[in-house]
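Protein chains in written order, with the working numbering: chain A, 611 to 951; chain B, 611 to 951.
Since the structure comes first, as structure tokens, the remarks are kept for the end.
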């Protein structure tokens, strides 16, 4: 099994201060590996990177139609949002369409991840609720799916609930990897997460990006979700977030989705490619830098946002430059020679 | 040069999800290496771990006496605090003793790192100022040092200012490593930070812990700072922070100080030892787990707080166990066999 590679590093003054290692893979919808670096075969937990795959049944099972979910709601169902007012409004409306509210969400409560949103909520005298959980859009989608298919949503987070069974079968089909008790863990928002090889994660998104090797219903659902996300990049994350910034600039040619513990996926529909990255230490910043570099190279994209995430100046609280965070020289030379000084 | 070693890992379900590599070293005040793992010779930026060393001139130059700084102020001068009301009150008072206020601080402004403190500040309708910067106690100390020694504090953050010259000479003497333009970077709070080998950082703290190989003034100042920190572990960090929790339990036998980008130091005065750790990817959680294990082993300490940081259950937002974060099996076996299951 190949060793992990240097993905990205932080510098300060004239030295490298910190280094991140991990793996990255680019595959097409037929399963051909276009690029691989590091260990892409060991199973990893994809965490929130599979949200768009988990949202497929929302369309294929008729829930989106039944509750007339618009593109903003479909995008939020695929999101790790920052708990900003626009996110909360859409999640609230999704639940209202089923006649339910935040008490049906089983994701748990945390304060908005966006610091300004958290302070504004506190200043208003309100408390955080499950709607502010970064996964509330996905969970509102599960409630919609449950209600639309005639199941009581209570305990929808459990592996044996019909909603989670439908989600598991979808993930299994699209990734080509069995989803069983043997590879099941529990995610931060309480639903199951199944460990799969990084290569299988990239393959699933090559299929999602193109519709190839998906059945007709899923291919149509994937196209509808891509369209919804491309039209609503703010819904998928929020202010100043990587996914939002990249897709505001480059969708629908480029889609990205971060996951906890340094996982990242991207899709390049026009190129027919899916990308998956795992920073082995869980470092999100390294997964972002690597994703930017691979998108630049394999998407043949050039954009200030990508350049920023490949090589950004680090500033102190006075705004002075103190160093930079950059994709590793090896990946930079491979991916975007102009920034490899 | 030895390769870095596995310091700590996060698990989920029945798998390892993320891994952190780095280096750790334990030395005595004579410079004898008691334990070393990974690359302990390459220079690293010690970041906030040197704050107690930077505070020595506050005592040796007479500023603490002149302004009658109490143990809480001395501890805050060594702190990376969370911006909680008690921290702000002490920093404000330190500046007031010199006839100055927050406008003399050159560390820059950010909102309190403690989320509750940030929300409470927002709810009160106030804005963050330089006092909330996690380094404001250190900077208030620099203002005190500058005023006490007859220098205008303006631009005290610059390498050529008398305050920073005094600090640099102190660091140079105590660590035994030249502090020049060649190894100088700029820290997040705008003052210089000089890269030194991890081994030299541990040596400096073995000296600080014991007074050995320090001149008499510095040895007395170190003892006074140790005493101040031991009496005020909340001042050094804040609610739920590693340093505060460990020292509330184990000071004055154990001192710890975290730094940005995964650096950590500890002192075991009764054992005559200094400890320094660098998690190569910058992961604070791994530096904490490693520090806990090395303190348990080389301090011969047994405490629920150390056990917690060596092997803690990770919970989701519903409070369910989903995995654990733990020091690597190798370090655990070396350091604390009872937790290496």
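The C-beta atom is built at its ideal place from N, Cα and C for all residues, glycine as well.
For a contact meaning CB atoms closer than 8 Å, what does residue i contact in chain B?
i: residue 629/A; result: 890, 891
i: residue 842/A; result: Ordered by position in chain B, no residue passes the 8 Å Cβ test against residue 842/A, which lies about 25 Å from the chain.
i: residue 743/A; result: 927
List the residues of chain A whose Cβ lies closer than 9 Å to the Cβ of residue i, in chain order.
i: residue 799/B; result: 926, 927, 928
Using a Cβ cut-off of 7 Å, pull out every chain B residue sitting near residue i, in sequence order please.
i: residue 739/A; result: Per Cβ cutoff of 7 Å: no residues; residue 739/A is ~12 Å from chain B at best.
If we define contact as Cβ-Cβ less than 7 Å, is residue i a contact residue for chain A?
i: residue 615/B; result: no
i: residue 691/B; result: no
i: residue 655/B; result: yes
i: residue 729/B; result: yes
i: residue 623/B; result: yes
i: residue 951/B; result: Residue placement at residue 951/B is flagged as unreliable, the pLDDT there being 41, under the threshold of 50; the coordinate-derived value follows with that caveat. Cβ-Cβ to chain A under 7 Å: no for residue 951/B.
Of all Cβ atoms in chain B, is any one closer than 7 Å to the Cβ of residue i?
i: residue 787/A; result: no
i: residue 1000/A; result: Any question about residue 1000/A goes unanswered here, given that chain A covers just 611 to 951.
i: residue 871/A; result: yes
i: residue 805/A; result: yes
i: residue 939/A; result: no
Going by C-alpha to C-alpha distance, which of the options sits closest to residue i?
i: residue 839/A; options: 642/A, 685/A, 630/A; result: 685/A
i: residue 860/A; options: 905/A, 891/A, 784/A, 740/A; result: 905/A
i: residue 876/A; options: 826/A, 614/A, 902/A; result: 902/A
i: residue 847/B; options: 620/B, 688/B, 669/B; result: 688/B
i: residue 894/A; options: 910/A, 782/A, 747/A, 873/A; result: 873/A
i: residue 593/A; options: 618/B, 801/B, 660/B; result: The structure shown does not extend to residue 593/A, since chain A is modelled only from 611 to 951, so the question has no answer here.
i: residue 826/B; options: 766/B, 659/B, 896/B, 666/B; result: 666/B
i: residue 694/A; options: 621/A, 652/A, 727/A; result: 727/A
i: residue 749/B; options: 637/B, 896/B, 883/B, 767/B; result: 767/B
i: residue 837/A; options: 637/A, 652/A, 682/A, 622/A; result: 682/A
i: residue 878/B; options: 644/B, 743/B, 865/B; result: 865/B
i: residue 919/B; options: 841/B, 855/B, 756/B, 842/B; result: 855/B
i: residue 636/B; options: 645/B, 629/B, 628/B; result: 645/B
i: residue 641/A; options: 816/A, 612/A, 759/A; result: 816/A
i: residue 660/A; options: 717/A, 716/A, 785/A, 761/A; result: 785/A
i: residue 628/B; options: 647/A, 654/A, 702/A, 629/A; result: 654/A
i: residue 704/A; options: 671/A, 656/A, 753/A; result: 753/A
i: residue 908/A; options: 896/A, 926/A, 886/A; result: 886/A
i: residue 675/A; options: 758/A, 741/A, 710/A; result: 758/A
Starting from residue i, find everything on chain A with Cβ-Cβ shorter than 7 Å and list it in chain order.
i: residue 688/B; result: The premise fails here: residue 688/B is roughly 19 Å from chain A at the closest Cβ pair, so nothing lies under 7 Å.
i: residue 823/B; result: Result: empty, since nearest Cβ-Cβ is about 27 Å, beyond 7 Å.
So residue i and residue j are in contact, right, with Cβ under 8 Å, and what is the actual spacing, rounded?
i: residue 692/A; j: residue 851/A; result: 7 Å
i: residue 639/A; j: residue 650/A; result: No, residue 639/A and residue 650/A are not in contact; Cβ-Cβ is about 17 Å, not under 8 Å.
i: residue 781/A; j: residue 789/A; result: 5 Å
i: residue 658/B; j: residue 867/B; result: 7 Å
i: residue 623/B; j: residue 933/B; result: 7 Å
i: residue 938/A; j: residue 617/A; result: 6 Å
i: residue 924/B; j: residue 620/B; result: 7 Å
i: residue 955/A; j: residue 812/A; result: The requested residue 955/A does not occur in the structure, where chain A is confined to residues 611 to 951.
i: residue 835/A; j: residue 662/A; result: 6 Å
Find the residues of chain B that neighbour residue i, judging by a C-beta separation of less than 9 Å, and give them in chain order.
i: residue 921/A; result: Those do not exist, as residue 921/A stays about 17 Å from chain B at its closest Cβ, beyond 9 Å.
i: residue 733/A; result: 729, 732, 733, 734, 735
So with CB distances below 8 Å, who are the chain A contacts of residue i?
i: residue 583/B; result: The structure shown has nothing for residue 583/B, since chain B only spans 611 to 951.
i: residue 620/B; result: 871, 892
Does the Cβ of residue i lie closer than 6 Å to at least one heavy atom of the ligand GTP?
i: residue 711/B; result: Among the components modelled here there is no ligand, and therefore nothing to report on the ligand GTP.
Taking a cut of 8 Å between CB atoms, which residues from the stretch 697-726 of chain A lie near chain B?
716, 717, 718, 719, 720, 721, 725
Contact residues within the stretch 844-862 of chain A, judged by C-beta distance below 9 Å to chain B:
none
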